[in-house]
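Residue numbers (the working numbering), protein chains in the order written: chain Z, 67 to 416; chain E, 221 to 488; chain X, 15 to 357.
A virtual CB, placed ideally from N, CA and C, is assigned to each residue, including glycine.
Just so you know, these numbers come straight off a predicted model, no measurement behind them.
Below: one structure, written as C-alpha cells.
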Amino acid sequence: MSTSTTFSPCEISRGGVGDTPSLLTMIRQPMIRKLQNIRPRSTVAQKQVSLLAVICLLIGVFSVLSPHFLTLKNFQTILRNMPELGLLSVGMSIVMMTGGIDISAEAALGVAAILVGKSMLQGDPAWVSALIGPITGGILGTINGVVVAYFGVLPIIVTLGAMYVWRAVIFLLVGARWLSGLPRTFDPLVKTFVLGIPIPFIFFLLITMSLEFLFRKTPFGWHILAIGNSEYSARLAGVRTRRVTVGAYALLGVLVGIAAFLYVGKHRNVEMTVASGMSLEAIAAAVIGGTSILGGEGSVIGCVIGVFFIRLLQNGLVLLGIPSIWDYLVLGGLIIAAILSDLLYKRRRT
Amino acid sequence: MKKISKAFGGVIALRDVDFRLFEGEVVGLVGDNGAGKSTLIKILSGVYIPDKGDIYIGGERVEFRSPLDAWKYGIATVYQELALADKMNVVENIFLGHELVKNVLGLRILDKRRMRQRAGELLKQLLIELKSLDVPVSKLSGGQRQGIAICRALNLEARVICMDEPTASMAVGESERILDFVRRLREQGKAVIFISHNLEHVFRVVDRLVVLRHGRVVGEGYVEDLDKDTVVKLITGVLENLNLLGEEVREGTTGDLLDRNGSKKVRR
Amino acid sequence: MKRVLWSIVLAVLVGWAIWGVAAERTISVAFIPQLIGIPYFNAMEAGGKAAAERFGVNFIYQGPIDVSAPEQLRIFDALIAQGVDAIAIAVLDETSICPAMERAAAAGLIPFTSDSDAPNCPARRLFVCQALNEDLARAIIDGIAIRLSPGDPYKAVGKIAFVSGYPTAVNLNTWMDLMEEYVNAKFPGLKIVARRYAGGTAAEAYRQAMDLFTAYPDLAAIVGVPSTSIPGVGQAVEDAGLTGKIIYTGYGSPLTARDYIHSGAMTFSVLWDPWALGYLTVWVGWLLAQGVALDQIPVEIELRVPGLEDRPEVAVRWIPEKKIVLLGPPLIITKENVDKYDF
Chain Z
67 MSTSTTFSPC
77 EISRGGVGDT
87 PSLLTMIRQP
97 MIRKLQNIRP
107 RSTVAQKQVS
117 LLAVICLLIG
127 VFSVLSPHFL
137 TLKNFQTILR
147 NMPELGLLSV
157 GMSIVMMTGG
167 IDISAEAALG
177 VAAILVGKSM
187 LQGDPAWVSA
197 LIGPITGGIL
207 GTINGVVVAY
217 FGVLPIIVTL
227 GAMYVWRAVI
237 FLLVGARWLS
247 GLPRTFDPLV
257 KTFVLGIPIP
267 FIFFLLITMS
277 LEFLFRKTPF
287 GWHILAIGNS
297 EYSARLAGVR
307 TRRVTVGAYA
317 LLGVLVGIAA
327 FLYVGKHRNV
337 EMTVASGMSL
347 EAIAAAVIGG
357 TSILGGEGSV
367 IGCVIGVFFI
377 RLLQNGLVLL
387 GIPSIWDYLV
397 LGGLIIAAIL
407 SDLLYKRRRT
Chain E
221 MKKISKAFGG
231 VIALRDVDFR
241 LFEGEVVGLV
251 GDNGAGKSTL
261 IKILSGVYIP
271 DKGDIYIGGE
281 RVEFRSPLDA
291 WKYGIATVYQ
301 ELALADKMNV
311 VENIFLGHEL
321 VKNVLGLRIL
331 DKRRMRQRAG
341 ELLKQLLIEL
351 KSLDVPVSKL
361 SGGQRQGIAI
371 CRALNLEARV
381 ICMDEPTASM
391 AVGESERILD
401 FVRRLREQGK
411 AVIFISHNLE
421 HVFRVVDRLV
431 VLRHGRVVGE
441 GYVEDLDKDT
451 VVKLITGVLE
461 NLNLLGEEVR
471 EGTTGDLLDR
481 NGSKKVRR
Chain X
15 MKRVLWSIVL
25 AVLVGWAIWG
35 VAAERTISVA
45 FIPQLIGIPY
55 FNAMEAGGKA
65 AAERFGVNFI
75 YQGPIDVSAP
85 EQLRIFDALI
95 AQGVDAIAIA
105 VLDETSICPA
115 MERAAAAGLI
125 PFTSDSDAPN
135 CPARRLFVCQ
145 ALNEDLARAI
155 IDGIAIRLSP
165 GDPYKAVGKI
175 AFVSGYPTAV
185 NLNTWMDLME
195 EYVNAKFPGL
205 KIVARRYAGG
215 TAAEAYRQAM
225 DLFTAYPDLA
235 AIVGVPSTSI
245 PGVGQAVEDA
255 GLTGKIIYTG
265 YGSPLTARDY
275 IHSGAMTFSV
285 LWDPWALGYL
295 TVWVGWLLAQ
305 GVALDQIPVE
315 IELRVPGLED
325 RPEVAVRWIP
335 EKKIVLLGPP
345 LIITKENVDK
355 YDF
C-alpha cells in the first residue's frame, strides 16, 4: 500500500515578483507616489503562476492514472533527480538574462566531473575533491565569459566551440576509459535525507535562495538585467558590462562545478558522454521558469519550478508506462512551446 | 577639448574639433544630421575614445576609457538614445550603474527605499508625473522616458551635463519644463551642453552656440550676436565660417573644458 | 564423418602452416578497431599481440581516435599501400569500407572482419564473431529465469524492464528484440514491461531506473542494455534499497560492472572476452595468409586454437552458412570471475 503522504508543490512560493505591465497614462497631478501601492504582477510572475497551475493539473492527472505517483517515495525520487540540472539551470538563467547562452555547460560539467573523480581515485582528502569541482567550473566559465565580453563574439558561437573543446579535453583526460566504481566518499552527503528531503536538494535550494538574494538585493542583479536589455545602454549608464558578463559566466561555471561534484558523488562514475544533453534541458528549465530567451528578464527561483516541472513530467511518463521514445518528443515539444510562448508574449506586449 | 578627431572605419566623424565649456554656461551644439554632434558628446562622456586630441578639465589632461571614468570627473550625459533598459522599472533605470547601497554584513545591498524616495524627488524637480515607479520604462511615453534619462544624469550630481536632443520626443508642456530646468542648472553653476534640432529651443536656453558641419566647427558665437537665419546658413553650408568670439576664448591658452578664470571672463 | 574428415584436413594444414612459417618469411596481420584507447579494444590489442608472439606474426594495430568511418577508410587504404598479408577491421560503415575491401582483395591482400561485420560485402572473406546475438539475448533471459525459478526455468514468473541507450543504436535494439522474442516463445510467466532509452549518461539511466522501480514495485529483473546504462542502473538499485531483491543484469564490461557486482547490486553481466577475440582474429588472419582457406570448408566444425584452450567460455567454431568464425558462447561475468578481466 502506498503511503498517503502528499506533497504540494503548488505551495512553492511565487518567486521573482518584480514589476509589471499595466496601462499607464500620464496624469497631470503632482502625485507620484499615490498609486505606488498597486504593484501588479510581473510577466515573469505571471508565467510562474500559470506554470504552477499546469504543475497542479499534471499532479492531479498523474495521481488519477498511476497509484504509485502520489507517494512520498516517488516525490523523494523526483527531488533526488533535481539538484544537478537545477544548478545548471539557475546558472544558465543568469547567463540568459544577460542575453547570453552557454551550450558548453554540460561539457564543462564533464571536465569538472573527471577532475573530481580523479582526485577521489588518488585518495585526496574529501574537501579537496569537493572543491576541485567549482574551481574547475569557475575557470572554464571565466574563459567563456572573457571571450564573450572582451572579444565580442556571439555567446552561442563561443560556447558551441567551447563545447567541442571541453569534450575533446574529456577524451584526453579519460582516454575513453571511464572512471568507474569510485570510492563512496560522499555517500553520507549525497545519500542522506533530512526530514525526508534529500540533502543535495536542500543544498541546491540553499544555493538558489542565496543567488535569488544576490540577484534581487544587490546591484549585480540590476546590472545583469540591464545588460540583457541592451548591453550598449547599460554601458552608457555606467555599468561595467564586461566585468558583469564575465561574472555571470563564471558564476554559471561554479554552479556547473558544484553540479559535477554532486554528480560524481551520486553516481561514482564518469562516462565519456557524461551529462550530454543537459545544457538544453537546463535552458528549457530556465525558459519554463520564466527566463526570457531574449534576455533582460527572468527569475532565479523560477528555475526550481522549471526543473521540477521537467522532472515531474519525465517521472509521469515512466509511471504511466508511455513508450520511452515519447520522452524525446515531449521534452523537445516542451522546449519549443516554452520558447515560442516567450517570443509570442513579447510580440503581444510590444 | 582640443583638436579632437574621430573616424569610424573610413568615415571621418570629427576633424580637429576644439570645444570649450565653462561653469554656469549653457552651450548649444547644433548641426545637421551626421555633423558629429553626438560623436563629440560621446567622446566627452567616455563612450568613444578619440583617435586624436586631448581632453582637459581644469587644466589637467584626462583620459576617459568608459562612461564611468567620465562620470568620476563630474560629466553626466543624457544620450539621444536615452540608454534605458526597457524591461526595467523607473527606479532601476534612474539608478542603474550608480545604485544607492547600504552595507549589510559587508555586502552591498540595494537601498531600495532611499532610491525610491530620491527618484520621487528627482521626478518632482522635473515635474514629471508617473502613475507608478514600478512600471517598465517601455510602457512610458517618449517624454517620460526622456525625463527618466535626465533624472539619471541629475542623480549623478555632475558639474557638466550633456543633453543630446533632450526635447526630441516631448510634448510642448514637457519641453518647456526641460528648458526651465536647464536654466535652473545654469543658476546652480553647472555647465550644460545642449544639442537640439529645434533652434527655437536652442535660442531660448543657451548662452553660446557652436555649429558643426561635416565634423568641423564652422561657427561659434554668443546668442546675442547670432540670429536663426545665420545659424541655419552655417548648418547648411551657405555660410562657410563665422567666428564671433574674442580671440582669448577661441584660442584659449589652456584649452580647458572647465576653467574658472575663463568663465569669469566670458560671463556677462 | 564428413566433419571429422574436414577437421583432420584442417589439422594437417595448420601443422603445415606452423612449419611453413618457420621456413619462410614473416606474415603480417593488421587489425583496425573502431576506436583506439578504450579498454575494450585495448584488450583486443593485447590478445592480438599474444597471438602474434606465439605464431611469429607481425601484428599491426591502427585505428581512429574518434569513432570515424572516413578515418577508418583512410587507415585501411594506407595499409593496402603498405602491403600487409591479411587485414581485419571492426566495421563502422559497411558501404564505405566495402569498395576498399575489394581493392585490398585485388591487390592480393586478405580482407576480413572482426568484432563488427560487413555481411553484404563479397570481398570480405569471413567474420570473426565474438558471440551470436541470439546467444547474447538468451544468456540474459536464461540467467534471469534460472534465478527466479531454479527448479524449472521455463516456469519463471516476473516482470522485466530494459534500460537501453540511444534509441538509434541498432545492436541494442536487436538484442532487445531478440530477448523479447525469446521470452515470448519460451517463458509464458515472464513479461517485458518497459523498454526505456536513457541516451548515453549514467544520470539518465539512474533517473529512468528509479522511476521504473516506482512504476513497477514488483519488478523482478532490470536489464541495463549498454555499458553506459550499467553504473546508473546499479546506483539506482542501491539507492532504492533493492540490492539482492531484484535481479540486475546487462551487457556491462567487467570494469564498469565490477563495483556493482561486488556490492551485490548487480547479479551478473553478459559479454564476451575481447582478449580472446583479438587473439582469434590474429590467428585467423595468420591462417588465411598462409593459404589455409578456412572459408572454403563447407561444414560446421570446431576449431582448436593453440593458446586459447585455457580461456573459459571459448569454443571456437566455423559456421559456413554465415561465413563466421565464432569465438564461443557469451561470457557470463559474476562475483567469481569479475576480477579476472580488465576491459
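Residue i, buried or exposed, once every other Cβ within 10 Å from all chains shown has been counted against 16
{"i": "Z/Phe-270", "result": "buried"}
{"i": "E/Lys-364", "result": "It should be pointed out that residue 364 of chain E corresponds to Gln in this sequence rather than to Lys. Burial call: buried."}
{"i": "Z/His-289", "result": "buried"}
{"i": "Z/Ile-98", "result": "A caution first: Z/Ile-98 carries a pLDDT of 38, below 50, which makes its placement in the model unreliable, though a value can still be read off. Z/Ile-98 should be labelled buried."}
{"i": "E/Lys-485", "result": "Since pLDDT at E/Lys-485 reaches only 39, below the 50 mark, its modelled position is unreliable, and the value read off the structure follows with that caveat. E/Lys-485 is exposed by the Cβ-count criterion."}
{"i": "Z/Val-120", "result": "exposed"}
{"i": "X/Thr-348", "result": "exposed"}
{"i": "E/Lys-344", "result": "exposed"}
{"i": "E/Thr-445", "result": "Note that residue 445 of chain E corresponds to Asp in the displayed sequence, not to Thr. It counts as exposed."}
{"i": "X/Asp-91", "result": "exposed"}
{"i": "E/Val-298", "result": "buried"}
{"i": "Z/Pro-221", "result": "buried"}
{"i": "X/Asn-53", "result": "Residue identity differs from the one stated: residue 53 of chain X is Pro in this sequence, not Asn. Answer is buried; the Cβ neighbour count reaches 16."}
{"i": "Z/Thr-91", "result": "In this predicted model, Z/Thr-91 has a pLDDT of only 35, less than 50, meaning its place in the structure is not dependable; the value taken from the coordinates is given anyway. Z/Thr-91 is exposed by the Cβ-count criterion."}
{"i": "Z/Ala-404", "result": "buried"}
{"i": "Z/Ser-276", "result": "exposed"}
{"i": "X/Arg-152", "result": "buried"}
Chain Z contact residues for residue i, given Cβ-Cβ distances below 8 Å
{"i": "X/Asp-253", "result": "Arg-146, Lys-257"}
{"i": "X/Met-224", "result": "Thr-143, Arg-146, Asn-147"}
{"i": "X/Gln-249", "result": "Lys-332, His-333, Arg-334, Asn-335"}
Chain X residues whose Cβ lies nearer than 8 Å to that of residue i
{"i": "Z/Ile-391", "result": "Pro-181, Tyr-211"}
{"i": "Z/Val-310", "result": "Going along chain X, no residue has its Cβ under 8 Å from Z/Val-310, so there is no contact; the nearest lies around 32 Å."}
Partner residues on chain E for residue i, Cβ-Cβ distance less than 7 Å
{"i": "Z/Leu-302", "result": "Val-267, Pro-287, Tyr-299, Ala-303"}
Residue i: contacting residues in chain Z (beta-carbon distance under 7 Å)
{"i": "X/Thr-228", "result": "His-134, Lys-139, Asn-140, Thr-143, Leu-385"}
{"i": "X/Thr-215", "result": "Glu-337, Thr-339, Val-340, Ala-341, Ser-342"}
{"i": "X/Ala-208", "result": "Gly-387"}
{"i": "E/Leu-459", "result": "The contacting residues do not exist; E/Leu-459 stays about 34 Å from chain Z at best."}
{"i": "E/Val-380", "result": "Going along chain Z, no residue has its Cβ under 7 Å from E/Val-380, so there is no contact; the nearest lies around 15 Å."}
Cβ separation of residue i and residue j, assumed to be a contact under 8 Å, to the nearest whole Å
{"i": "Z/Gly-176", "j": "Z/Val-330", "result": "About 11 Å separates the two Cβ atoms, so there is no contact after all."}
{"i": "X/Met-280", "j": "X/Gly-248", "result": "5 Å"}
{"i": "E/Arg-403", "j": "E/Leu-347", "result": "Incorrect: roughly 14 Å between the Cβ atoms, too far for contact."}
{"i": "E/Arg-433", "j": "E/Arg-235", "result": "E/Arg-433 to E/Arg-235, Cβ: 11 Å. No contact."}
{"i": "Z/Ile-160", "j": "Z/Leu-317", "result": "6 Å"}
{"i": "X/Val-237", "j": "X/Ile-154", "result": "6 Å"}
Neighbour list for residue i in chain Z, Cβ cutoff strictly below 9 Å
{"i": "E/Gly-317", "result": "Pro-285, Trp-288, His-289, Ala-292, Ala-300, Arg-301, Leu-302, Ala-303, Gly-304, Val-305, Arg-306"}
Where residue i meets chain C, residues with beta-carbon distance less than 8 Å
{"i": "E/Asp-400", "result": "Absence of chain C from the displayed structure is noted, the protein chains being Z, E and X."}
Chain-ordered chain X contacts of residue i [CB-CB under 7 Å]
{"i": "Z/Trp-232", "result": "Neighbours of Z/Trp-232 on chain X: none; closest Cβ ~15 Å, over 7 Å."}
{"i": "Z/Gly-247", "result": "Arg-272, Asp-273"}
Original post:
Between the segment 162–179 of chain Z and the segment 204–223 of chain Z, are three or more C-beta pairs nearer than 8 Å?
Top reply: The answer is yes - the segment 204–223 of chain Z touches the segment 162–179 of chain Z, with three or more Cβ pairs under 8 Å.
**OP:** For the segment 290–309 of chain E and the segment 292–309 of chain Z, state whether three or more C-beta atom pairs, one from each stretch, are separated by less than 8 Å.
**Re:** Segments in contact, yes.
**OP:** Answer yes if the segment 72–88 of chain X comes into contact with the segment 110–117 of chain X, meaning at least three C-beta pairs across the two stretches below 8 Å, and no otherwise.
**Re:** With the cut-off at 8 Å, the segment 110–117 of chain X and the segment 72–88 of chain X touch.
Original post:
Can at least three beta-carbon pairs, one atom from the segment 238–247 of chain E and one from the segment 221–230 of chain E, be found at a separation below 8 Å?
Top reply: Contact between the segment 238–247 of chain E and the segment 221–230 of chain E is present, with at least three C-beta pairs closer than 8 Å.
Original post:
Taking contact to mean at least 3 C-beta pairs separated by less than 8 Å, is the segment 130–142 of chain X in contact with the segment 155–164 of chain X?
Top reply: Here the segment 130–142 of chain X makes no contact with the segment 155–164 of chain X; the two share fewer than three CB pairs at distances below 8 Å.
**OP:** Pick out the complete beta strand (DSSP E) segments inside the segment 254–328 of chain E, 3 residues or longer, and give them in chain order.
**Re:** Runs of the beta strand (DSSP E) spanning 3 or more residues and lying entirely within the segment 254–328 of chain E occur at 272–277, 280–282, 295–298, 321–324, in chain order.
**OP:** Assess, as a yes-or-no matter, whether the segment 346–365 of chain Z is touched by the segment 247–266 of chain Z under the definition of 3 or more beta carbon pairs within less than 8 Å.
**Re:** No: the two stretches stay apart, fewer than three of their Cβ pairs being nearer than 8 Å.
Original post:
Mind pulling the beta strand (DSSP E) runs of 3 or more residues that sit fully within the segment 388–461 of chain E?
Top reply: Listed in chain order, they are 411–415, 428–433, 436–442.
Subject >> Uninterrupted beta strand (DSSP E) stretches inside the segment 244–294 of chain X (no shorter than 3 residues) >> reply: Runs of the beta strand (DSSP E) inside the segment 244–294 of chain X: 261–264, 282–285.
**OP:** Specify whether the segment 205–213 of chain X and the segment 175–184 of chain X touch according to this definition: at least 3 beta carbon pairs, one from each stretch, less than 8 Å apart.
**Re:** Enough Cβ pairs lie closer than 8 Å, so yes.
Original post:
Would the segment 193–207 of chain X and the segment 249–268 of chain X be scored as touching if the rule is three or more Cβ pairs under 8 Å?
Top reply: Cβ pair count under 8 Å is below three, so no.
Original post:
Contact between the segment 257–265 of chain E and the segment 286–301 of chain E: three or more CB pairs below 8 Å?
Top reply: They touch, by the three-pair rule.
Original post:
Just checking, does the segment 306–313 of chain X make contact with the segment 271–288 of chain X on the three C-beta pairs under 8 Å criterion?
Top reply: The segment 306–313 of chain X vs the segment 271–288 of chain X: no contact.
**OP:** Mind listing, in chain order, the continuous beta strand (DSSP E) runs of no fewer than 3 residues lying wholly within the segment 43–87 of chain X?
**Re:** Complete beta strand (DSSP E) runs here, min 3: 72–75.
**OP:** Examine the Cβ distances between the segment 273–288 of chain E and the segment 445–461 of chain E and report whether three or more of them are shorter than 8 Å.
**Re:** Flag = no, the segment 273–288 of chain E and the segment 445–461 of chain E do not touch.
Subject >> Inter-stretch contact (C-beta, 8 Å, three-pair minimum) for the segment 312–324 of chain E and the segment 405–417 of chain E >> reply: Because the criterion of three Cβ pairs below 8 Å is not met, the segment 312–324 of chain E and the segment 405–417 of chain E do not touch.
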